[in-house]
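Residue numbers (UniProt numbering): 1 to 495.
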């Protein structure tokens, strides 16, 4: 085991800084005066974080799924403490192998570095048989410890905070459904912990003196079943729910139902559901004995989470638009539903951008204009103003311009246009046009994002699914063709 040399301020690497915990940890580290290197596989997403321009932060695009040994080695140079906050649940059914593969890459790089300590956020382990998600979390810790660097593994069950996948799945179920059908294991227990407490524990581990590579639990003040959590959450949301336990409902079946109710990515929700079928109340040493913090009960943690959920629109993604912020309501799903299409084309970025800026008004929407017009008439029938044709006088668009019922909330020349949805509907949405250069070709991406407002918001989204199946594809091809493209083909959506 290498000697642990800790100092203040420290040079800290956060691997997975764009994730839920990482995006909250980085600003906390910066407030403490540390110098932070934040990594993500998407530099563009890092640059949307509120803290991206802080003088003490450096941003690094690091995709651990790719060959990155040289870059990872360079990134570790001069680093004192590493926070390892990545997981592979969103990578699909092979996430177990994916997690272990990237852990081996990091472990190998650590063994060649001068890093003093790595802090790994793992998961509470059940007694006996485990799920793929939980076993991958355990195996990841074992692999990281093989590096010879001191590894402090913090294990937690459900983290209560805005953006936490486990919390948002539960909140979506309670918010969107009057009748909740659940597996019998809904009686399984865990010790949900407030995000604020988790961040404080992580912060203190920069300088806390510890020997060897301990595994420590992070627990909330009480063990509560998932059924109790849903009922208590419903009371806080002023919702009434009826919970029916179905013995034959398997985790896989439950995950399929969740994919309809929640906007949390399907593979993430599926992995979480599988893990929640176990009791996650551990008797391993608790970090609270080393770092005593005030206990935050379930209700208090939920209240803070709900109060902070509006932060999702107080961001660069929404252009900090006051109308979007004013329209946000706590009944809206934190994670949005989405639909869209991407094409690969040889049309120039300037030609694509010129035509994107013609959207709306007399030009229409490039494809299926009769459907857009029908939707405008439906809006007008309930008091909306979608039939009102509005366009700026200039040939170019700027933030704040109105296009029919839409409002421009982001406008980055030849790169990105984002429009705030202005029709009357149960939720909050936006429409985005994005152009990305790839040397000999460009990708044109058109995406709609929708935060549903409760069950009516879900119904509205699914009512629009049939048009969504072809309208964005048609728009993308029509836009590229209008921009002079001689080559157009479907393309995977840019990450």
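A virtual CB, placed ideally from N, CA and C, is assigned to each residue, including glycine.
Exercise for the section: Identify every residue that forms a DSSP beta bridge with residue 429. Expected result: As a working note, residue 429 is residue 429 in the chain shown. Looking at the DSSP assignment, residue 429 forms a beta bridge with 450.
Practice task
State buried or exposed for residue 483, treating a residue as buried only when at least 16 other CB atoms are found within 10 Å of its CB.
Solution key: Residue 483 sits at position 483 when you count from the first residue of the chain shown. The residue is buried, with at least 16 neighbouring Cβ atoms inside 10 Å.
Practice task
Helix, strand or coil for residue 2, going by three-state DSSP, please let me know.
Solution key: What you label residue 2 is simply residue 2 of the chain shown in a count that begins at 1. Its pLDDT being 42, under 50, residue 2 is placed unreliably in this model, and the value from its coordinates should be taken loosely. Correct three-state label for residue 2: coil.
Exercise for the section: Pull up the DSSP beta-bridge partners for residue 496, would you. Expected result: The first residue shown for the chain is 1 and the last is 495, placing residue 496 beyond what the model contains.
Exercise for the section: Could you say which of 155, 337, 372 lies nearest to residue 459 if we only look at CA atoms? Expected result: Residue mapping note: residue 459 aligns to position 459 of the chain shown, counting from 1. Here the closest residue by C-alpha is 337.
Practice task
Under the assumption that residue 194 contacts residue 160 (Cβ atoms under 8 Å), give the Cβ distance between them as a whole number of angstroms.
Solution key: Within the chain shown, numbered from 1, the residue matching residue 194 stands at position 194. Within the chain shown, numbered from 1, the residue matching residue 160 stands at position 160. Confirmed, Cβ separation roughly 5 Å.
Exercise for the section: Return helix, strand or coil for residue 335, following the three-state DSSP convention. Expected result: Taking the first residue of the chain shown as 1, we reach residue 335 at position 335. Coil, per DSSP.
Problem - Alpha-carbon spacing of residue 99 relative to residue 401, whole angstroms - result: The residue given as residue 99 occupies position 99 in the chain shown. The residue given as residue 401 occupies position 401 in the chain shown. For residue 99 and residue 401, the distance between alpha carbons rounds to 45 Å.
Handout entry: Classification of residue 150 by the beta-carbon crowding that lies within 10 angstroms, buried from 16 upward
Key = Locating residue 150 in the chain shown gives position 150, counting from the first residue. Flag for residue 150 reads buried.
Exercise for the section: Look up residue 360 in the DSSP assignment and say whether it is helix, strand or coil. Expected result: Looking up residue 360 in the chain shown gives position 360. Strand.
Practice task
Note down, in chain order, each residue of its chain lying with its Cβ closer than 8 Å to the Cβ of residue 105, except the 5 sequence neighbours on either side.
Solution key: As a first step, residue 105 must be located in the chain shown, where it is residue number 105. Correct list, in chain order: 64, 68, 69, 72.
Handout entry: Helix, strand or coil at residue 54 [DSSP, three-state]
Key = Reading the chain shown from its first residue, position 54 is the one you call residue 54. Coil.
Practice task
Name the two residues that bound the continuous beta strand (DSSP E) containing residue 122.
Solution key: Here the question's residue 122 lines up with position 122 in the chain shown. Note, residue 122: beta strand (DSSP E), 117 to 123.
Problem - One or two residues paired with residue 207 in a DSSP bridge - result: Sequence index remark: in the chain shown, residue 207 carries index 207 (1-based). Note: residue 207 sits in no beta bridge, so no partner.
Exercise for the section: Identify every residue that forms a DSSP beta bridge with residue 38. Expected result: Taking the first residue of the chain shown as 1, we reach residue 38 at position 38. According to DSSP, residue 38 bridges with 14, 59.
Problem - Residue range of the alpha helix (DSSP H) that includes residue 28 - result: What you label residue 28 is simply residue 28 of the chain shown in a count that begins at 1. For residue 28, the enclosing alpha helix (DSSP H) begins and ends at 20 to 31.
Handout entry: Buried/exposed call for residue 476, threshold 16 Cβ in 10 Å
Key = On the chain shown, residue 476 is found 476 positions in, with the first residue counted as 1. It is buried - the Cβ of residue 476 has at least 16 other Cβ atoms within 10 Å.
Problem - Cβ contact check for the region 51 to 64 and the region 26 to 39: 3 or more pairs under 8 Å - result: yes
Exercise for the section: In the DSSP assignment, find the unbroken beta strand (DSSP E) run with residue 412 in it and report its ends. Expected result: Stepping through the chain shown from its first residue, residue 412 is reached at position 412. Unbroken beta strand (DSSP E) run through residue 412: 406 to 412.
Practice task
Just the C-alpha distance for residue 174 and residue 454, rounded to the nearest angstrom, thanks.
Solution key: In the chain shown, residue 174 corresponds to position 174, counting from 1. In the chain shown, residue 454 corresponds to position 454, counting from 1. C-alpha separation (whole angstroms): 9 Å.
Problem - Span separating the alpha-carbon of residue 187 from that of residue 13 - result: The sequence position of residue 187 within the chain shown is 187, counting from 1. The sequence position of residue 13 within the chain shown is 13, counting from 1. Going from the Cα of residue 187 to the Cα of residue 13 covers about 39 Å.
Practice task
Would you list the residues sitting across from residue 416 in a DSSP beta bridge?
Solution key: On the chain shown, residue 416 is found 416 positions in, with the first residue counted as 1. For residue 416, which the question treats as bridged, DSSP gives the partners 412, 434.
Exercise for the section: State yes or no: is the C-beta of residue 389 within less than 9 Å of the C-beta of residue 422? Expected result: Indexing the chain shown from 1 puts residue 389 at position 389. Indexing the chain shown from 1 puts residue 422 at position 422. Contact flag unset, no.
Problem - Bridge partners - residue 442, DSSP secondary structure assignment - result: In the chain shown, residue 442 corresponds to position 442, counting from 1. The partner list for residue 442 (beta bridge, DSSP) reads 345, 437.
Practice task
Less than 8 Å between the CB atoms is what I'm expecting for residue 504 and residue 297, so what's the real figure, rounded?
Solution key: Any property of residue 504 remains undetermined from this structure, which presents the chain solely from 1 to 495.
Exercise for the section: Determine the direct distance from the alpha carbon of residue 391 to that of residue 126, and round the result to whole angstroms. Expected result: The residue labelled residue 126 in the question sits at position 126 within the chain shown. The residue labelled residue 391 in the question sits at position 391 within the chain shown. In a straight line, the C-alpha of residue 126 is about 59 Å away from that of residue 391.
Exercise for the section: Determine the closest residue to residue 177 out of 396, 487, 285, 452, with distance taken between C-alpha atoms. Expected result: Translated into the one-based positions of the chain shown, residue 177 becomes position 177. Nearest of 396, 487, 285, 452 to residue 177, Cα basis: 452.
Problem - Sequence ranges, beta strand (DSSP E) only - wholly within the region 145 to 193, length at least 3 - result: Entirely contained in the region 145 to 193, the beta strand (DSSP E) runs reaching 3 residues are, in chain order, 150 to 156, 179 to 183.
Handout entry: residue 320: first and last residue of the uninterrupted alpha helix (DSSP H) it sits in
Key = Mapped onto the chain shown, residue 320 falls at position 320. From DSSP, residue 320 is part of no alpha helix (DSSP H); its letter is neither H nor E.
Practice task
Please state if the CB of residue 21 and the CB of residue 38 are separated by a distance shorter than 9 Å.
Solution key: For this step, residue 38 is matched to residue 38 along the chain shown. For this step, residue 21 is matched to residue 21 along the chain shown. Taking a C-beta distance under 9 Å as the contact criterion, residue 38 and residue 21 do not qualify as a contact pair.
Practice task
To the nearest angstrom, report how far apart residue 146 and residue 80 are at their CA atoms.
Solution key: Within the chain shown, residue 146 is the residue found at index 146, counting from 1. Within the chain shown, residue 80 is the residue found at index 80, counting from 1. Whole-angstrom Cα-Cα distance: 18 Å.
Problem - Endpoints, alpha helix (DSSP H) assigned at residue 470 - result: Indexing the chain shown from 1 puts residue 470 at position 470. Note, residue 470: alpha helix (DSSP H), 465 to 482.
Practice task
Give the C-beta separation of residue 349 and residue 442 to the nearest angstrom, bearing in mind that I take them to be a contact with Cβ-Cβ under 8 Å.
Solution key: For the purposes of this step, residue 349 is taken as residue 349 along the chain shown, with counting starting at 1. For the purposes of this step, residue 442 is taken as residue 442 along the chain shown, with counting starting at 1. The Cβ separation is near 6 Å, so the contact holds.
Handout entry: Bridge partner(s) assigned by DSSP for residue 286
Key = Position 286 of the chain shown holds residue 286. DSSP lists 217 as the beta-bridge partner residues of residue 286.
Practice task
Give the DSSP bridge partners of residue 340, in chain order.
Solution key: What you label residue 340 is simply residue 340 of the chain shown in a count that begins at 1. Partner residues in the beta bridge of residue 340, as assigned by DSSP, are 447.
Practice task
Might you give, ordered along the chain, the residues of its own chain that have their beta carbon closer than 7 Å to the beta carbon of residue 380, omitting 5 neighbours on each side?
Solution key: Residue numbering aside, residue 380 sits at position 380 when the chain shown is read from its first letter. Taken in chain order, the residues that qualify are 386, 387.
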